[in-house]
Amino acid sequence: MTSTQSPQAPLDHGPLDGVKVLDLSEDIAGSFCGRLLADYGADVLKLEPPIGAALRRMGPFCGDDPHPEKSLFYLLMNLNKKGATLNLETVTGRNILKKLVPHVDVVIESFRPGYLADLGVGYDDLAAENPALIMTSITPFGQTGPYSQYKGEEVVNYAMGLIMSISGVQGQEPLKHGGSQAQYEGGLNGAASTSMALFLQSSTGEGQHIDVSITECVASSAMATQTIYPFMGGTLPRRPATGSNFGHPMPCKDGWIIVQTGGGATWPDIADFFGDPQLMEPKFADPAQRLRNTEELDQVVLESIKERGKWDLFTKAAEKRMLFGLVQTPSELLDCPQLESRNFYR
């Protein structure tokens with residue numbers, strides 16, 4: 030395995046400067062936890078099995094070449110770390126781990142609960158070598174409970190953590206948000222919990238086993254909905270299918286534009302911009318009327334922009350202090366004048 034150190038070195042005097050971490054994890058959550066600790070100054074050593082961590086086989090790959098050194102997920106999640114291989118399935122590998130543990134503060138792992146203990150290198154075994162050790166275990170459902178031995182991945186954790194049930198449109202299937210948000214939440218909570226454990230360790234010398242359930246991390250993100258119940262008398266519902274397309278992508282001549290009504294522009298200004306006198310009729314006069322007539326409003330706006338280019342709409346709306354956005358393609362993003370002016374691609 031080659032070193033995965035970043036060209037941009039970790040903080041020389043970060044808040045975790047001097048902290049030593051062994052990262053045994055293979056998923057996004059555990060690797061992200063280690064990455065965050067490294068970004069804040071910790072000295073993190075990534076230990077992989079001889080065949081390489083599972084993230085090495087996760088695309089996308091640089092140049093579409095599925096080489097184990099070219100997984101963008103792997104590279105991103107392991108910036109600022111050093112790397113080595115360690116085969117925990119062998120006695121030699123387990124002995125090496127036990128010899129390393131007295132010299133580190135933290136071990137991160139994401140194996141099935143009980144797997145390391147079965148090998149003789151679980152938390153109790155390693156704590157015997159280093160009583161101040163902090164082990165952070167990040168798994169789909171946690172170390173205990175009826176689901177602890179179940180396998181899980183992004184969509185499973187997202188679905189079982191509630192958020193999926195309140196996402197999407199009423200009358201349609203529940204919707205998962207894009208990306209690997211559940212994994213990142215698990216990694217973020219793991220890093221935060223580890224940092225708090227390090228604070229205690231520095232004061233008392235105590236170690237501890239941190240049990241992070243990714244599903245619980247997702248469920249905890251719904252805490253904000255608790256404030257809704259006293260006012261609504263119920264839980265947060267999914268978005269109804271009715272409502273204007275304002276604020277959502279709308280098709281125009283050469284792509285998609287985001288049409289907004291805010292930004293300080295008055296409704297007469299907006300109506301004038303779209304150039305359709307129908308928009309000045311009483312049924313569109315105020316927000317309440319526009320809400321009652323959303324379908325007709327959308328049709329008028331869609332008709333007025335279908336032959337106009339998105340860049341023309343975007344720039345002219347900006348001149349009138351109207352909140353518009355446009356959906357850029359990858360090639361357009363590369364040539365974006367705003368990013369070029371700020372040397373974003375330097």
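The number in our numbering is simply the position in the sequence shown, starting from 1, with 29 added.
Just so you know, even glycine gets a beta-carbon here, dropped at the ideal spot from N, CA and C.
In this structure, Pro-79 places its C-beta atom within 8 Å of the C-beta atom of Asn-116. Sorting Glu-336, Ala-83, Glu-214, Asp-46 by C-alpha distance to the C-alpha of Cys-62 places Glu-214 at the top. A residue is called buried once 16 or more other Cβ atoms fall within 10 Å of its Cβ, and Cys-281 is buried on that count. By the 16-neighbour rule on beta-carbons within 10 angstroms, Phe-228 is exposed. Residue environment: Thr-295 is assigned as exposed (fewer than 16 neighbouring CB atoms within 10 Å of its CB, all protein chains considered). DSSP places Ser-209 in no beta strand (DSSP E); its state is neither H nor E. Contact annotation: Leu-53 and Leu-76 have beta-carbon atoms nearer than 8 Å. Per DSSP, the continuous beta strand (DSSP E) segment holding Ala-113 begins and ends at 110–114. Straight-line spacing of the CA atoms in Leu-362 and Leu-368 works out to 8 Å. Nearest Cα to Ile-163 within the set Val-241, Thr-344, Ile-195, Met-351: Val-241. Leaving aside the five residues that flank Ala-161 on each side, the residues in its chain whose CB is nearer than 8 Å to its CB run, in chain order, Asp-134, Gln-230, Gly-234, Glu-235, Gly-236.
Contact between Gln-212 and Ile-192 fails: their C-beta atoms lie close to 13 Å from each other, not under 8 Å. Boundaries of the beta strand (DSSP E) around Ser-242: 237–242. In this structure, Asp-327 is the residue among Gln-318, Asn-322, Asp-327, Gln-199 with its C-alpha nearest to the C-alpha of Gln-289. Put simply, of Ile-299, Ala-347, Ala-248 the residue whose alpha carbon is nearest the alpha carbon of Met-189 is Ala-248. In the pairwise beta carbon analysis, the region 103–116 is classified as not touching the region 137–154: fewer than three pairs are separated by under 8 Å.
Counting only the Cα atoms, Leu-331 lies some 28 Å from Pro-203.
A residue is called buried once 16 or more other Cβ atoms fall within 10 Å of its Cβ, and Met-309, having fewer, is exposed. The shortest C-alpha to C-alpha distance from Glu-245 to any of Pro-311, Gly-216, Met-225, Lys-128 is the one to Gly-216.
At a Cβ-Cβ threshold of 8 Å, Ser-222 and Ile-57 do not count as neighbours.
Counting only residues of its own chain and dropping the five nearest sequence neighbours on each side, His-238 has a CB closer than 6 Å to the CB of Tyr-152, Met-164. No Cβ-Cβ contact shorter than 8 Å links Pro-44 with Gly-81.
Linking Asp-93 to Ser-232 through their CA atoms gives a straight-line distance of about 49 Å.
Just measuring C-alpha positions, the residue of Arg-371, Asp-298, Ser-333 sitting nearest Ala-347 is Asp-298.
Going by beta carbons, Pro-89 and Leu-101 fall inside the 8 Å limit. The alpha helix (DSSP H) runs of length 4 or more contained entirely in the region 102–153 are, from start to end of the chain, 120–129, 144–148. Residue environment for Gly-59: buried (at least 16 other C-beta atoms within 10 angstroms of its C-beta). The continuous alpha helix (DSSP H) containing Val-185 extends over residues 183–189. In the displayed model, Thr-223 falls within a helix according to three-state DSSP.
A straight line joining the alpha-carbon of Ser-250 with that of Tyr-176 spans about 20 Å. For Pro-297, the enclosing alpha helix (DSSP H) covers residues 296–303. Between Gly-354 and Asp-283, the beta carbon gap of about 15 Å keeps them out of contact (Cβ cut-off 8 Å).
According to the DSSP assignment, Ser-60 belongs to the alpha helix (DSSP H) that extends over 57–68. With respect to Leu-148, Leu-51 sits apart: the two C-beta atoms are not nearer than 8 Å.
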